[in-house]
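These protein sequence lines are chains A, B, C and D, in that order. At position 66 of the first sequence the residue is numbered 66 (our numbering), and the sequence of numbers has no breaks. At position 115 of the second sequence the residue is numbered 513 (our numbering), and the sequence of numbers has no breaks. At position 32 of the third sequence the residue is numbered 828 (our numbering), and the sequence of numbers has no breaks. At position 206 of the fourth sequence the residue is numbered 1400 (our numbering), and the sequence of numbers has no breaks. To start, the structure itself, in structure tokens.
Number of protein chains: 4
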Amino acid sequence: MGDAARDGILHRVRAIVREGVVLLEPDFLAGGLGAIAPRLDALRQRVREEGLLAPHLPPAYGGAGLPLAVFGRLSEELGWSPLGHYVFNCQAPDVGNMELLLHHGSAEQKERFLRPLAAGAIRSCFAMTEPDRAGSNPVWLATTARAEGTDYVIDGRKWFTSGADGAAFAIVMAVTDVLAPPHKRASMLLVPTETPGYRLVRNIPVMGDAGSGYFSHGEVAFEGCRVPATARIGAPGAGFALAQERLGPGRIHHCLRWIGVCERALHMTCERAARRELAPGVRLASKQAVQHAIAESRAEIDAARLLVLRTAERIDAEGAAAARADVSLIKFFVAGVLDRVLDRAVQVHGALGLTEDTILSFWYRHERAARIYDGPDEVHKSALARHVLRPYGVDVEI
Amino acid sequence: MGDAARDGILHRVRAIVREGVVLLEPDFLAGGLGAIAPRLDALRQRVREEGLLAPHLPPAYGGAGLPLAVFGRLSEELGWSPLGHYVFNCQAPDVGNMELLLHHGSAEQKERFLRPLAAGAIRSCFAMTEPDRAGSNPVWLATTARAEGTDYVIDGRKWFTSGADGAAFAIVMAVTDVLAPPHKRASMLLVPTETPGYRLVRNIPVMGDAGSGYFSHGEVAFEGCRVPATARIGAPGAGFALAQERLGPGRIHHCLRWIGVCERALHMTCERAARRELAPGVRLASKQAVQHAIAESRAEIDAARLLVLRTAERIDAEGAAAARADVSLIKFFVAGVLDRVLDRAVQVHGALGLTEDTILSFWYRHERAARIYDGPDEVHKSALARHVLRPYGVDVEI
Amino acid sequence: MGDAARDGILHRVRAIVREGVVLLEPDFLAGGLGAIAPRLDALRQRVREEGLLAPHLPPAYGGAGLPLAVFGRLSEELGWSPLGHYVFNCQAPDVGNMELLLHHGSAEQKERFLRPLAAGAIRSCFAMTEPDRAGSNPVWLATTARAEGTDYVIDGRKWFTSGADGAAFAIVMAVTDVLAPPHKRASMLLVPTETPGYRLVRNIPVMGDAGSGYFSHGEVAFEGCRVPATARIGAPGAGFALAQERLGPGRIHHCLRWIGVCERALHMTCERAARRELAPGVRLASKQAVQHAIAESRAEIDAARLLVLRTAERIDAEGAAAARADVSLIKFFVAGVLDRVLDRAVQVHGALGLTEDTILSFWYRHERAARIYDGPDEVHKSALARHVLRPYGVDVEI
Amino acid sequence: MGDAARDGILHRVRAIVREGVVLLEPDFLAGGLGAIAPRLDALRQRVREEGLLAPHLPPAYGGAGLPLAVFGRLSEELGWSPLGHYVFNCQAPDVGNMELLLHHGSAEQKERFLRPLAAGAIRSCFAMTEPDRAGSNPVWLATTARAEGTDYVIDGRKWFTSGADGAAFAIVMAVTDVLAPPHKRASMLLVPTETPGYRLVRNIPVMGDAGSGYFSHGEVAFEGCRVPATARIGAPGAGFALAQERLGPGRIHHCLRWIGVCERALHMTCERAARRELAPGVRLASKQAVQHAIAESRAEIDAARLLVLRTAERIDAEGAAAARADVSLIKFFVAGVLDRVLDRAVQVHGALGLTEDTILSFWYRHERAARIYDGPDEVHKSALARHVLRPYGVDVEI
């Protein structure tokens, strides 16, 4: 893709986000997804008509086939609003499930699940984290799928299954061979949510908000939930390897989105600093503390973007496995930048920053999770240290 | 008060909080104040019967007449739960209003408003901050109260009027003499909320939660709202001076409460670290990052407590005016400790810390305001610097 | 000791430090201890004549018998200059050695070594840390003292033996029973430095400065160094226990001194901010970044002092063992405050802060060690966490 | 320049630094430049023979004509040792003076001063900062050069004139038109150091070390120092503009070098962590605190490098003026990274990190200046904020 083509796409995306999606935010904040559903669908339809839906997918599935480094630029534009990725049908966890099915789904799975997912006709979820097992230890799962004839029977409980509310199917990690080495115990199974024994227990209130639809995090029970062997994605015991492959890009998708969040928060900070008077004629922007907050955010966001784009380029060029340490690096670094940029934005906004009169408070409370999900900071730091220390003959245990 | 008497009170308070108040938290988180109203009232009744209601007030008003330094210890116990201060009828902003009326109210105001407030029969609010004027500049108000005969007619708009929902009266800051020097322009007026022209516009959603009752922050309109001159508290033009006097102890009340919040958060962090397994037999507490988080919180909380108690002792001994710089010091220092202690607690709890399954998420989002309300960090730092630099011949403008 | 007596002493100490000791700093910075030796001795003589030498010791040894909490106030005054403690003969490591001999020395050791040490006639050193063994693990020593008849023969190498240059004797930690449990292996031996086999290898250049006399850190070799059994302090195998007892107060002595360093640095920062012009009529103090630096230092120093004094009071009341966790807490907390206060002072001084035209640069480079010696931050944080987590059933390994 | 050519150069540079220059460090630390002078010259001669001297200059002056972005990679290699840039004759302040003369020197100045400077036959210095005027305000100078006939007569005092000791000439900023607007008052004059009235007062002890030769910072007096009008570089009154042009790349030269310092410090940290035992078989690298320190340094260094290279590319493509805000951004960001990376390296090295047994202590004390020279952090943050806020209609005063 040439630069001009790319810039043309970015320009169109930016217009849709800043002139359309952003306008839905006040009603979304006041009333949730339900309050904006028809307008959100209309925007999605416009995106579909402009050929920009699911831009990360190859043309065979209706996408634009963008390499990750270009998609990254686009994702930053979408991150400007919490609604952006959904409107373009590249929101987590669907974006990760699409990539997983694209690369590892069977022909039947692609036809029956990937195609409607790519078209935005259905949504999906990914059930991995368990309430009783540390999410930072992905090889230690309590959920099992035991083979019975040609079926698997799944039992267990998952939580933080994002978007479970309204999902047409779940991809679930379950132990299929308890005697195998830890990294070979689990398999991935695709479970339509109408399957008997599958149950959405609740939308977990997160930071005070149970949410709904794709803005929700479900607790999900599997109780004797039976699926055929063809529900398995990839080989038996390949669950952990596939999850790693899925999570690498998944993490970078988050990082790319966070850059957009940061840019919007900094933009709002500047607008506020330029406008708000502390006394007649004395603007917030004249205060050194505000100037320095703006400068620090600007520097950190630029650093974050360069690191993320470098990682995206490496994934494009060498694959996700080669970039594993880079992904750990950006996961904790960018989450930290996001945390600080949002904190500064709230502080400069003062009481206004706490209200629902701007989008900042939504991000402040919901993006605290960034330093936890898909591996907490502590795990990614040790993972990066393992990579750095290996040439020195050290094997870091995590 | 002797040490034994004090310890006896603290012991009783602690029992009520830890064995009673805390048990209401899950239903409060799930359903708000409404879901626990009868049980909350029952606890209050028990406190009333034990003679512990409004412990900061003198016995003439039914209180225990505790000096601030002793009340501080008690307040820390109450801070263990967000419901603690309410149960003992010493929650903000009522606690500040009681002190204000006690020291500056007319006999009539004391009888008609302070007495039922002290008894927990009514609630009140304090209307100072305005949406269009920086809260950090308390002498720059748009709300006016113009004299008409023996009345004042109030016009203006306030927000972050905490507890306006359900309050029986508001104490409002309004400009009564626009031509006076800035610190002499405003007066304080006591406005019963049934007064025509007074209107609660909305409970402002704060961090996603509009709340209700005393857990709410109102936007309040004064539209030709007429009150008699006897509604004034103190002298004409004394509003700013009274607000300073009210806010000094008000800030220390917050700091005292925050210590309690911090202790609970650290306690929960330790419990979590001791219990949570990362792998079979490997506890979170074995991780150096968790240990260091606990040690840093322990040290910072101890530092915060000592600073707050020193300030309380100074206020007891020398009055609020003498301790103004100390109050600025603890306001930003303790708010910073609170911020970090809660952040570490959430991080150690992982995904659980984001849910409503513990009280942490409630505090994480609601106490972000601590670095903003009653003067943002930036203002208190400059105020402290002004005090420190004065002996060097410098007059810091804020 | 009454408050008036204490304040009288503090007043006299302050005068000697601020009107005498401080005046030697420029020549000390330019030429080292050698350049000021006669004037330093003269000041010491004055202190001796005023009866203030070795104020931490009981009157039987010529001291003032101050409790630790009072000595702490005095030590803060002395810390105002890097020369203060020496002038009053309570500098590390002599202060710790005096306490050790006072409580555990034999009658002969007290007479022969403690008495001249207390009188300031000789100096001493403490040889514990070894170049090849982590200082953070005090039970893992390579230096041995094997019994031969009624003698010990010591072999090994120590470093960071502060003040070895010019010391009349060293107290050395050496393994006397390699088969004992780790905490019982070492004993303490008092070795006069003229003993054959004892050798000062070098004064280690620390932050570019090898120093001399009591401002130096020696590397010391023990090569078949023979001392009689009467050289042992305390029981065989008691070395670790005695070292713990010695280091607890030793650490608090450092913390008390650091408070003084911080106060001086903040004082200099304020003077600089008040005086330095950025443009005609525009003082550094008008800059918000400078104000906030001052406020943060003020708050952190106050917090540090309160924590240190609380610990001193506990040691006075309950002994060093009871205060072990408190000592760990202040060791890392106050070292961190010192680090930040000095960093801010240097930054506000700009280029001047890097030169030897003020005392700041001396402290900046020499006090970096504060976060390392007598246990690095990391060890003290884990030690505090062990204490905090014990009631939760966790035993933290360090 | 093709990638292969560039990589070939980098490979040769790396070999000279790591196999040659680094070996001189111990004697340099023990005895200063004097102790290694012949070996340093020999290395320089080898570099000269390999055609790598002054690699930033065009071939006409014996250089390699590298664009800044390529030179940046090379500079990082050189930064591995504090002696690297000198060996390749691209050390500050000569590198900046060379660029200044190259672009703005007269033909005579180029022939007489630039050529021997480029050849490494002489050294030079740059006299701008004054002891009595804030370095952060470059338009406020006390040094004057008044016109007398066709001469200038210079009077004033400068300090932090790096490398003045042994320099053949100084380029000095002096006010030539006191009535002009502030940015037009000063001119740049080239003053051979044998000129009467020029005097090196002292090498300022910086962090305890007066240094010598190019490792020194001079205080310089101009006392009726007379130079001909041809000594002026550029137009009358162009001093500030030229200084800005000189300092932009000068700052990036520092940043590029700091990346090399950081990489070496991280490398040493990893080696130490891998080798040092805390107990038999327990390596420092097994500690989470050490792992996290390594990960944070790795992430921050990568961020710093990407930001610096982006800035170098912009300067190559658009010139220094277009990149002014970028330069401010990297100046404070990379100086902060340097500060933290060195601090972590020292901490992981423990007592060893304080000694002269490694290069860390040298950097720790000398690179504290990085957050001060060429504009303190505070000024660059406000400068960046000015750039960021301009589109919002705000004009930030600094």
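Glycine included, every Cβ here is placed at the ideal spot set by N, Cα and C.
For residue i, the nearest candidate out of the options (CA to CA)
| i | options | result |
| --- | --- | --- |
| ARG1492 (chain D) | D:LEU1478, D:VAL1502, D:PRO1474 and D:ALA1459 | D:ALA1459 |
| SER1275 (chain D) | D:ALA1286, D:GLU1219 and D:GLY1256 | D:GLU1219 |
| LEU451 (chain B) | B:PRO590, B:ARG437, B:ARG416 and B:PRO514 | B:PRO514 |
| VAL1366 (chain D) | D:GLY1329, D:THR1355, D:VAL1216 and D:VAL1264 | D:THR1355 |
| ALA1328 (chain D) | D:GLN1541, D:ILE1398, D:LEU1578 and D:GLU1572 | D:GLU1572 |
| ARG1393 (chain D) | D:ALA1198, D:GLY1407 and D:ARG1351 | D:ARG1351 |
| LEU256 (chain A) | A:ALA325, A:CYS270, A:LEU307 and A:ALA285 | A:LEU307 |
| VAL191 (chain A) | A:PHE126, A:PRO38 and A:LEU354 | A:PHE126 |
| ASP1349 (chain D) | D:HIS1279, D:VAL1421 and D:ARG1306 | D:VAL1421 |
| SER504 (chain B) | B:ILE520, B:ARG404 and B:GLY632 | B:GLY632 |
| GLU795 (chain B) | B:ASN535, B:ARG722 and B:ALA545 | B:ASN535 |
| GLU797 (chain B) | A:GLY8, A:ALA164, A:GLN45 and A:ARG276 | For chain B, the structure presents residues 399 to 796; residue 797 (chain B) sits outside this window and is missing. |
Range covered by the alpha helix (DSSP H) that runs through residue i
| i | result |
| --- | --- |
| ALA584 (chain B) | No alpha helix (DSSP H) contains ALA584 (chain B), which is instead part of the beta strand (DSSP E) from 584-590. |
| ASN747 (chain C) | Outside the modelled stretch of chain C, which goes from 797 to 1194, sits residue 747 (chain C), for which no answer is possible. |
| SER75 (chain A) | 68-79 |
| PHE332 (chain A) | 324-349 |
| PHE1222 (chain D) | 1219-1225 |
7 Å Cβ cutoff met for residue i and residue j
| i | j | result |
| --- | --- | --- |
| ALA295 (chain A) | LYS1575 (chain D) | yes |
| VAL817 (chain C) | LEU910 (chain C) | no |
| GLU1413 (chain D) | GLY1391 (chain D) | no |
| ALA145 (chain A) | THR176 (chain A) | yes |
| GLN1084 (chain C) | ALA289 (chain A) | yes |
| LEU43 (chain A) | VAL87 (chain A) | yes |
| VAL17 (chain A) | LEU74 (chain A) | no |
| ALA768 (chain B) | SER726 (chain B) | no |
| LEU1234 (chain D) | PRO1249 (chain D) | no |
| PHE1434 (chain D) | ALA1380 (chain D) | yes |
| ILE259 (chain A) | GLU50 (chain A) | no |
| PHE69 (chain A) | GLU313 (chain A) | Looking at the sequence provided, one finds Ala at residue 69 (chain A) rather than Phe. Yes. Within cutoff. |
Per DSSP, cross-strand counterpart(s) of residue i
| i | result |
| --- | --- |
| ASN1283 (chain D) | Bridge partners of ASN1283 (chain D): none, in fact. |
| PRO1422 (chain D) | D:ASP1345 |
| PHE922 (chain C) | C:ILE967 |
| ASP1005 (chain C) | C:VAL1002 |
| VAL282 (chain A) | A:ALA279 |
Whole-Å CB distance - residue i paired with residue j, under 8 Å assumed
| i | j | result |
| --- | --- | --- |
| VAL997 (chain C) | ALA1017 (chain C) | 5 Å |
| MET1401 (chain D) | ARG1559 (chain D) | 4 Å |
| ASP1568 (chain D) | ARG1445 (chain D) | 5 Å |
Segment limits, beta strand (DSSP E) that includes residue i
| i | result |
| --- | --- |
| LEU1356 (chain D) | One detail in the question is off: residue 1356 (chain D) reads as Ser in this sequence, not Leu. Looking at the DSSP string, the run of the beta strand (DSSP E) that includes SER1356 (chain D) is 1345-1356. |
| GLU743 (chain C) | No answer is possible for residue 743 (chain C): it lies beyond the span of chain C, which begins at 797 and ends at 1194. |
| ARG199 (chain A) | 198-203 |
| VAL172 (chain A) | 169-175 |
Under 8 Å, CB to CB, which of the residues in the segment 158-169 of chain A have a partner in chain E? In the structure shown, chain E does not exist; the protein chains are A, B, C and D.
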